[in-house]
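>
Rendered as structure tokens:
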């Protein structure tokens, strides 16, 4: 008789924690188990359906409008401290295989929103939006897509809130997802975003800056108008008086490749606006 490993467990390992499905299969086989592929595929299809419907539902029932933001401010709930999202360290690799270590982060639930109103708690299976005092999740902004991941109660193992969207509204970071267990205002949670996904997004974000520089070198009058930075692709929107020629495309590509080969370190730093304007070659996106 064949022993099966639950397909929904295998899917959760992949979808929530980024653990490769083939490795789950291999480890299961080593224990004499077989992954229930039918259940795995069913979970995958449900995830696609939820993703397709997620944006509309977020806007309709979980978003913060001006009245909700005013309510939070009236109650003295501070805006979210999202500085922990910048706390990470590279391993110093210079061959293009750099790995990042992200600092752990815990937070306190300050507010919960569900079905168009603020509530004291949400139960297992419910969708909601959680606001924390601080977070290391990256909210969608500046062309960069949002983080996904999991919030786990620090005092109750197995109680998780699966984050499927992350937006910023009036200084508040809104973590949207579904609960597996009960979450209440005042709970302490550990925060675990999908680090592999974030790393891919970071690389593509750097890629937009590299491409912007290359276009400025080749097309002296081009100007950035927008971008999309996702884990699997990037899109760069810019203006130019004429369509690029094949030669110009090749020149821009060569510049990008040369920058990549140079293995220059990437860093970010906050500076007063007056000092930033003195930095040679700095592009002001305001």
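In full-length UniProt numbering, the protein residues as written are 1 to 286. Here a beta-carbon is modelled for each residue, glycine too, at the ideal position from N, C-alpha and C.
Counting along the chain, where does the beta strand (DSSP E) carrying residue 223 start and finish?
Position 223 of the chain shown, counted from the first residue, corresponds to residue 223. Its beta strand (DSSP E) spans residues 223-229.
> Going by alpha carbons, who is nearest to residue 90 out of 280, 277, 267, 278?
For the purposes of this step, residue 90 is taken as the residue at position 90 of the chain shown. Residue 267 is the option with its Cα nearest to residue 90.
> Put residue 45 into one of helix, strand or coil per three-state DSSP.
In the chain shown, the residue the question calls residue 45 occupies position 45. Helix, per DSSP.
> In whole angstroms, what is the alpha-carbon distance linking residue 74 and residue 175?
Sequence index remark: in the chain shown, residue 74 carries index 74 (1-based). Sequence index remark: in the chain shown, residue 175 carries index 175 (1-based). Distance between the alpha carbons of residue 74 and residue 175 is about 21 Å.
> Comparing C-alpha positions only, which one of 8, 11, 10, 15 sits nearest to residue 164?
Residue numbering aside, residue 164 sits at position 164 when the chain shown is read from its first letter. Residue 164 has its Cα closest to that of 15, out of 8, 11, 10, 15.
> My output table needs one value for residue 24: the three-state DSSP class, helix, strand or coil.
Reading the chain shown from its first residue, position 24 is the one you call residue 24. Of the three classes helix, strand and coil, the one that applies to residue 24 here is helix, per DSSP.
> Assuming residue 148 contacts residue 113 under a Cβ cut-off of 8 Å, what Cβ separation, rounded to an integer in Å, is found between them?
Here residue 148 corresponds to residue number 148 of the chain shown, with the count starting at 1. Here residue 113 corresponds to residue number 113 of the chain shown, with the count starting at 1. Rounded, the Cβ-Cβ distance is 18 Å, inconsistent with contact.
> Which same chain residues end up closer than 6 Å to residue 124 when comparing Cβ atoms and leaving out the 5 residues on each side of it in sequence?
Numbered from 1 along the chain shown, position 124 holds the residue referred to as residue 124. Excluding sequence neighbours, residue 124 sits near 179, 180, 181.
> Under DSSP, the beta strand (DSSP E) around residue 179 begins and ends at which residues?
What you label residue 179 is simply residue 179 of the chain shown in a count that begins at 1. Start and end: 172-180.
> With distance defined between alpha-carbon atoms, name the residue in 200, 240, 121, 139 nearest to residue 161.
Residue 161 sits at position 161 when you count from the first residue of the chain shown. For residue 161, the nearest C-alpha among the options comes from 121.
> For residue 107, count neighbouring C-beta atoms within 10 Å of its own C-beta (all shown protein chains included) and say buried if the count is 16 or more, exposed if not.
Looking up residue 107 in the chain shown gives position 107. That one is buried.
> Look at the Cβ atom of residue 190, then the Cβ atom of residue 222, and state whether they are nearer than 8 Å.
Locating residue 190 in the chain shown gives position 190, counting from the first residue. Locating residue 222 in the chain shown gives position 222, counting from the first residue. No; because the gap between Cβ atoms is not below 8 Å, this pair is not in contact.
> Residue 89 bridges to which residues according to DSSP?
Indexing the chain shown from 1 puts residue 89 at position 89. Answer is 101.
> Can residue 133 and residue 110 be called in contact, C-beta distance under 8 Å?
Here residue 133 refers to the residue found at position 133 when the chain shown is read from its first residue. Here residue 110 refers to the residue found at position 110 when the chain shown is read from its first residue. In contact: residue 133 and residue 110 (Cβ atoms closer than 8 Å).
> For the stretch 195-212 and the stretch 231-240, state whether three or more C-beta atom pairs, one from each stretch, are separated by less than 8 Å.
These segments touch.
> Which partner residues of residue 191 appear in the DSSP bridge assignment?
On the chain shown, residue 191 is found 191 positions in, with the first residue counted as 1. Looking at the DSSP assignment, residue 191 forms a beta bridge with 105, 151.
> What's the call for residue 217, buried or exposed, on a 16-neighbour Cβ count within 10 Å?
What you label residue 217 is simply residue 217 of the chain shown in a count that begins at 1. Counting Cβ neighbours within 10 Å, residue 217 comes out exposed, since fewer than 16 surround it.
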